[in-house]
Amino acid sequence: MAADTSTLPDALGEVAPPKGRHGAAAWASWVLRRLGLAVLTLWLVSILVFVATTALGDPVRAILGKDYNSDKARVAQLTAQLNLDQSLVTRYFHWLGHLLTGDLGTSIASGGPVSQLITDNVVNTLVLVVISAVVMIPVAFGIAMISTNYRRRRPDTAIQTVLLMLAALPEFVIGILLVAIFSTTVFHWLPAVTIVSPGVHPWNAPKTMIMPVATLVLAVAPYVSRIVRATLLEVLDSDYVELARLKGIPERVVMRKHALLNAIVPGIQVIALQLAWLAGGVVLVEKVFNYPGVGNQLVDSVNNHDVPMVQALSMIIAGVYVVVNLVADLLSILLTPRARTAISA
Amino acid sequence: MSTTADAVSVAAAAPRTPSTFQKALKQKRFVVGGVITVLVALFAVFGRFVAPHGQNEVVGTPYSSQGALGTDYLGQDVLSRLMYGGTEILVIALLATVLSTVVGTLIGVVAAYGGGWWDEVIMRLNDVMLAFPQILLSLVVLTAVGQPRAWMLVVLVGLSNAPRTARIARGVALGLVSRDFVHAAEALGEKRSRVIVAEVLPNMNAPLLAEAGLRLTFSIALVAALGFLGFSTDPSAANWGQMIQENRLGLSTQTWSVLAPVLIIGLFTIGTNLTADGIAQVTQRGGDD
């Protein structure tokens with residue numbers, strides 16, 4: 000299960016092209032406006048994260064559990080560490096200031112600095128997501144093209160039904176089914192969980208990465224594939240493709256040169272949305288395979304009520320989400336001639 | 000109440016003689032999905048009354064093959080726990096879907112109908128919520144909470160779905176607010192709230208229904224996922240998501256203890272998704288947008 004494409008933001012609709020200015024200036028102002036919105040979004044997200052982690056419940060009570068009433072010294076110490084004696088606004092700006100200067104605070108569970116604890120995991124997760132994306136894109140486009148080739152005939156219907164069912168499955172369901180099939184029950188080919196000693200990156204044992212990557216690809220590819228197919232069908236029914244066919248250009252070339260290139264822009268939008276979704280989706284997949292990434296760490300930190308860790312990790316995940324969307328908007332504007340001229344004209 | 004406005008809105012609605020539901024019944028996806036959904040839902044609600052054992056009753060040694068689906072990590076009957084474990088997921092997901100549909104529709108329609116600054120500010124805030132992967136919102140809030148309660152899960156899942164519904168609702172409403180029958184109602188001096196309730200909302204039913212179906216799929220997945228991560232209202236009670244987690248170690252020896260809850264969650268989401276897709280196909284083809 001991945002982010003649903005029905006809520007796809009429309010990059011072209013969101014940016015009203017500036018009028019009265021020309022060329023580079025218009026471009027610069029458009030990019031600045033878009034950057035400003037990204038920063039604004041991140042700022043609002045930071046308020047949300049801070050309020051949700053510290054103000055909605057009592058973190059000290061959650062951390063100490065049953066010890067809350069007996070261990071007064073620890074209560075006082077934690078209250079001081081989390082600055083809970085100050086007002087919410089003071090605490091927020093205190094935290095934000097440290098965040099902006101790169102100081103992510105001290106983990107409550109382990110006592111070490113957060114930034115040191117998460118560096119390896121951030122790298123591991125990024126590698127996992129990038130590999131999944133690299134595998135997913137050709138797979139999704141390939142399936143879409145096969146499906147389009149048999150458009151509105153039986154193989155197409157079959158492929159679309161399978162994709163729809165795959166899209167409905169939650170990612171942890173896909174993950175566990177893969178484990179059952181490939182490592183524990185049917186075949187015994189792949190390791191069920193990622194076991195690496197601390198400090199060692201999982202890609203040093205490539206076999207352990209196969210199933211996490213496969214799970215993410217299976218969770219995301221159906222959505223991309225469905226959108227690309229819809230775009231391909233639309234293009235193939237258009238007048239200029241008909242003209243190309245009438246000119247005697249073989250269907251293969253029509254598909255490659257005329258249809259596929261036009262399907263790329265909507266493709267980028269979905270891919271970006273799915274990549275951004277991956278930032279959250281890895282949480283469950285990493286948990287299924289015990290992959291040493293930010294998602295796994297986030298769940299453990301939430302279980303330990305380790306407030307500084309949760310704040311840092313969720314800001315990183317939200318940050319990735321915002322940046323990916325920003326890049327996608329830029330790319331789709333750059334790749335759409337119509338939108339390009341709308342901005343610089 | 001004005002007869003002119005009513006006449007106009009009736010005229011706009013007149014062409015769809017067969018209802019959305021009747022048209023949907025001709026869709027294979029809708030029928031298959033609907034049947035699966037209803038069967039799983041019935042199992043989740045009424046299964047507990049015919050379960051062979053109690054949900055916390057130890058019937059044998061851990062991970063033995065006793066009973067239809069064997070026993071789990073504590074020696075409890077897997078089939079019985081499966082019959083008990085769906086109720087909470089179903090109820091929370093349903094309530095969350097109702098909440099997200101109501102809140103999301105309200106946000107979307109107010110943004111579309113308000114226009115201008117209203118639209119800009121509301122949708123910008125909406126985008127901030129969208130910048131948050133759904134599971135993350137729940138996890139962040141659960142950090143400061145000791146033991147989640149059912150209403151918390153409903154609110155969390157519902158609110159994390161609402162911005163997505165809001166986007167759809169705004170899109171649909173934008174197509175309606177510039178239509179003649181809305182202008183007619185405004186010209187007759189209807190109050191803004193009344194125009195929204197009486198003119199705009201009734202014409203959004205079908206697309207919103209498809210959206211709600213999709214939200215239900217996501218809600219089920221999210222509630223089950225939270226259970227899988229160990230966040231459920233009662234750690235000892237049976238819960239499909241949690242069953243996967245607690246029996247993980249027995250996957251190779253007693254496969255059904257894990258596979259049964261996995262398969263039923265998968266079946267449920269496939270059912271609701273097919274149903275939603277069936278409705279969406281009908282509204283896209285026969286709808287007026």
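For the record, the sequence lines run as chains E and G. Going by numbering that gives the first Met the number 0, the first residue of the first sequence is number 0, and it counts up by one from there. Going by numbering that gives the first Met the number 0, the first residue of the second sequence is number 0, and it counts up by one from there. All residues carry an ideal CB built from backbone N, CA and C; glycine is no exception.
Within-8 angstroms CB hit, residue i to chain G
i: E/S331; result: no
i: E/I117; result: no
i: E/V30; result: no
i: E/L171; result: A quick correction: the sequence has Phe, not Leu, at residue 171 of chain E. Answer yes: the Cβ-Cβ gap between E/F171 and chain G drops below 8 angstroms somewhere.
i: E/M135; result: no
i: E/G279; result: yes
i: E/A132; result: no
i: E/V128; result: no
i: E/K206; result: no
i: E/T214; result: no
i: E/I142; result: no
i: E/K286; result: yes
i: E/V264; result: no
i: E/I175; result: yes
i: E/L168; result: yes
i: E/T184; result: yes
Short CB-CB distance (under 8 angstroms) between residue i and chain E
i: G/D288; result: At G/D288 the pLDDT is 33, less than 50, meaning the model places this residue with poor confidence and gives no usable figure here.
i: G/Q55; result: Inspection of the sequence shows that residue 55 of chain G is occupied by Asn rather than by Gln. Taking Cβ atoms only, chain E never reaches closer than 8 angstroms to G/N55, which makes this a no.
i: G/P132; result: yes
i: G/N272; result: yes
i: G/V120; result: no
i: G/G36; result: Position check: residue 36 of chain G holds Thr in this sequence, whereas Gly was assumed. Answer no: the Cβ-Cβ gap between G/T36 and chain E never drops below 8 angstroms.
i: G/V281; result: no
i: G/D71; result: no
i: G/G115; result: no
i: G/V30; result: no
i: G/L208; result: no
i: G/I88; result: no
i: G/G265; result: yes
i: G/G41; result: In the sequence on display, residue 41 of chain G carries Leu and not Gly. With 8 angstroms as the cut-off, G/L41 does not count as an interface residue toward chain E.
i: G/D276; result: yes
i: G/V77; result: no
Test item: CB-CB of residue i and residue j under 8 angstroms
i: G/A111; j: G/L213; result: no
i: G/S256; j: G/Y83; result: no
i: G/P162; j: G/G103; result: yes
i: G/G107; j: G/A165; result: yes
i: E/G292; j: E/L103; result: no
i: E/P169; j: G/I264; result: yes
i: E/V192; j: E/F288; result: yes
i: G/L68; j: G/A259; result: yes
i: G/T142; j: E/T124; result: no
i: G/S218; j: G/L225; result: no
i: G/V139; j: E/V264; result: no
i: G/Q75; j: G/E56; result: yes
i: E/I136; j: E/Q296; result: no
i: E/V321; j: E/T40; result: yes
i: G/G249; j: G/Y72; result: yes
i: E/L283; j: E/F171; result: yes
Strand pairing of residue i, partner residues [DSSP]
i: G/V57; result: G/Q75
i: G/T70; result: G/D76
i: E/P112; result: E/T105
Exposed unless 16 or more other CB atoms sit within 10 angstroms - verdict on residue i
i: G/F131; result: buried
i: G/T292; result: With chain G covering only 0 through 288, there is no way to say anything about residue 292 of chain G.
i: G/D233; result: exposed
i: E/H304; result: buried
i: G/F48; result: exposed
i: E/Y239; result: exposed
i: E/V88; result: exposed
i: G/E189; result: buried
i: E/E285; result: buried
i: E/W29; result: buried
i: G/L81; result: buried
is_contact[residue i, chain A] using C-beta, thresh 8 angstroms
i: E/W276; result: Reference to chain A is not applicable here, since the protein chains of this structure are E and G.
Review point. The region 308-322 of chain E: which residues have C-beta closer than 7 angstroms to a C-beta of chain G, in chain order?
Key: V309, S313, I316, A317, Y320, V321
**Study point:** Under 8 angstroms (Cβ pairs) to chain E, residues found in the region 96-112 of chain G
**Key:** none
Review point. For the region 236-260 of chain G, which residues have a CB atom closer than 7 angstroms to at least one CB atom of chain E, in sequence order?
Key: I243, L250, S251, T254, V257, L258
Check your understanding: Listed in chain order, which residues of the region 215-236 of chain G have Cβ atoms closer than 9 angstroms to some Cβ of chain E?
Key -> T216, F217, I219, A220, L221, A223, A224, F227, L228, G229, F230
Review point. Which residues, in chain order, does the region 139-163 of chain G contribute to contact with chain E at a C-beta distance below 7 angstroms?
Key: V139, V140, L141, T142, A143, V144, G145, R163
Review point. Going along the region 53-74 of chain E in order, which residues come within less than 7 angstroms of chain G, judged by CB to CB distance?
Key: T53, L55, G56, D57, P58, R60, A61, G64
Review point. Name the residues in the region 297-308 of chain E whose C-beta lies less than 7 angstroms from a C-beta of chain G; which are they?
Key: L297, V298, V301, N302, H304, V306
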